[in-house]
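For the sequence shown, position 213 (counting from the first letter as 1) is numbered 220 according to UniProt numbering, and the numbering increases by one without interruption. Heads up, the beta-carbon is just placed ideally off N, CA and C, and yes, glycines get one too. Values in this document were obtained by computation on a predicted structure and should not be read as measured data.
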Amino acid sequence: NKVLVSGANGYIAMWVVRHFLERGYRVRGTARNEEKCEFMRNYFSKLGYGEQFEAVVVEDITKEGAFDEAVKDVDGIAHTASPFHMNAKTADELIIPAVQGTVGMLKSALKNGSKVRRIVVTSSCASVMSPPSVPTQYCERDWNQLSVQEVKEKGDAAAPMTIYRASKTLAERSAWEFHEKHKAEISWDLSVINPPFVFGPPIHDVSSVKSLNTSLQMWYDKVVLDKPQTKEELSASNSWVDVRDTALAHVLALEKPDASGFIWQEWLDAANSLSPNPWPGHTYNKGFPEVVPASREDRVYHISYDKAKEQRILGIKFHTSLETTKDTLEDFAARGW
Ligand code: NDP
8 NKVLVSGANG YIAMWVVRHF LERGYRVRGT ARNEEKCEFM RNYFSKLGYG
58 EQFEAVVVED ITKEGAFDEA VKDVDGIAHT ASPFHMNAKT ADELIIPAVQ
108 GTVGMLKSAL KNGSKVRRIV VTSSCASVMS PPSVPTQYCE RDWNQLSVQE
158 VKEKGDAAAP MTIYRASKTL AERSAWEFHE KHKAEISWDL SVINPPFVFG
208 PPIHDVSSVK SLNTSLQMWY DKVVLDKPQT KEELSASNSW VDVRDTALAH
258 VLALEKPDAS GFIWQEWLDA ANSLSPNPWP GHTYNKGFPE VVPASREDRV
308 YHISYDKAKE QRILGIKFHT SLETTKDTLE DFAARGW
């Protein structure tokens, strides 16, 4: 079996590729230039998958027919390539590659993907929720309408996170619309993965702290960086999943997140509680431990997700926050930062 992974050099995608290779698949991964392809070839060759892994350049995912060649001869596709950063000067900088990249992949599969049986699109919880003011549980039937509306109203002046959320919502919507419209002509079905914040050890090309991907950068800034944080910042809560579980979900979704809530202070508590310290000599901020209620039942997460469908279909045994913290700090320590 052969699969195509777009944006294969990214944080999540490198783990997606690795899981596929470990399960015996042949993988074709795309990246935006030859240097990024070379990084992947080296990494996967060192793991012994030199023969099974092929890297190809797709320079511009917004170009008509960008994936026409890449989709040939593959049985499945994981489309992960999409911008996730907070530096866009215009809303289109995120929305156009997110939407056109996704629709472009589906179009190429319609045209040249005669062997393709399933396409998995990496969407996001950003397509599902808009930050609630009271604790709220979401499920796959929910849509983030608010961020799209806000970007419509404010345009480029919308907050960077709102623009990102709108880009993911619009991309997922266009994928479902495309699928609906072309149902009769295609040999594949569509599946989407909606991860919350993804944390855990990176295996992609991170030569310095500055080159960390957005979600791990946020984790690093809160947990590792020796920078005072306000009580308010450390009380903010969200949902998370380990990167390896996210990757596995892509693989399982192609064959046929236990992520739970967090408040930032809990990651600091986890880092401080690990003995031995996975990063010898490094100290972590203490933060404000009192913002975490002692009893689990009293902890309130503002965003949570109904995982019944995931458990029914994929049934992943998820990493715990202590495992994710330990493995990530060990990885950071080994980099000598
Ligand atoms: P990374 O930034 O590590 O990976 C993003 C990938 O998409 C890279 O391969 C990147 O290429 C590619 N990409 C970004 N912008 C463009 C563009 N304009 N044109 C072509 N390719 C582009 O981030 P993640 O691994 O975290 O993200 C992967 C996917 O997961 C994204 O779709 C993201 O929205 C989604 N996601 C991430 C979450 C998280 O917490 N990390 C949570 C939920 C969803 P290059 O390296 O060349 O920039």
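Helix, strand or coil at residue i according to DSSP, with G and I counted as helix
| i | result |
| --- | --- |
| R30 | coil |
| H92 | coil |
| A266 | Any reading at A266 is ruled out, since the residue's pLDDT is 41, under 50, leaving its predicted position unreliable. |
| R48 | helix |
| W195 | coil |
| T37 | strand |
| T253 | helix |
| L321 | coil |
| L11 | strand |
| I84 | strand |
| Y18 | helix |
| T69 | coil |
| S134 | helix |
| G288 | coil |
| W344 | coil |
| G57 | coil |
Endpoints, beta strand (DSSP E) assigned at residue i
| i | result |
| --- | --- |
| T97 | Segment: none, T97 is in no beta strand (DSSP E) and carries neither H nor E. |
| D249 | S244 to D249 |
| E61 | F60 to V64 |
| Y312 | I310 to Y312 |
Buried or exposed (CB count within 10 angstroms, at least 16 for buried), residue i
| i | result |
| --- | --- |
| W183 | exposed |
| K70 | exposed |
| T129 | buried |
| R319 | exposed |
| L232 | exposed |
| W344 | exposed |
| residue 345 | Because the chain here runs from 8 to 344, residue 345 falls outside it and cannot be looked at. |
| A266 | Reliability of the predicted coordinates at A266 is poor, the pLDDT of 41 falling under 50, and no value is obtained from them. |
| E179 | buried |
| K43 | buried |
Run of the alpha helix (DSSP H) containing residue i, from where it starts to where it stops
| i | result |
| --- | --- |
| Q144 | No alpha helix (DSSP H) holds Q144; the beta strand (DSSP E) holding it covers T143 to Y145. |
| A341 | S328 to A341 |
| Y227 | T221 to V230 |
| E273 | W271 to S280 |
| R125 | No alpha helix (DSSP H) holds R125; the beta strand (DSSP E) holding it covers R125 to T129. |
Cutoff 7 Å: residue i Cβ touching any chain D Cβ
| i | result |
| --- | --- |
| W274 | Absent from the structure: chain D. Only one protein chain is present. |
Runs of alpha helix (DSSP H) lying entirely within the region 160–219, each at least 4 residues, in chain order: 167–189
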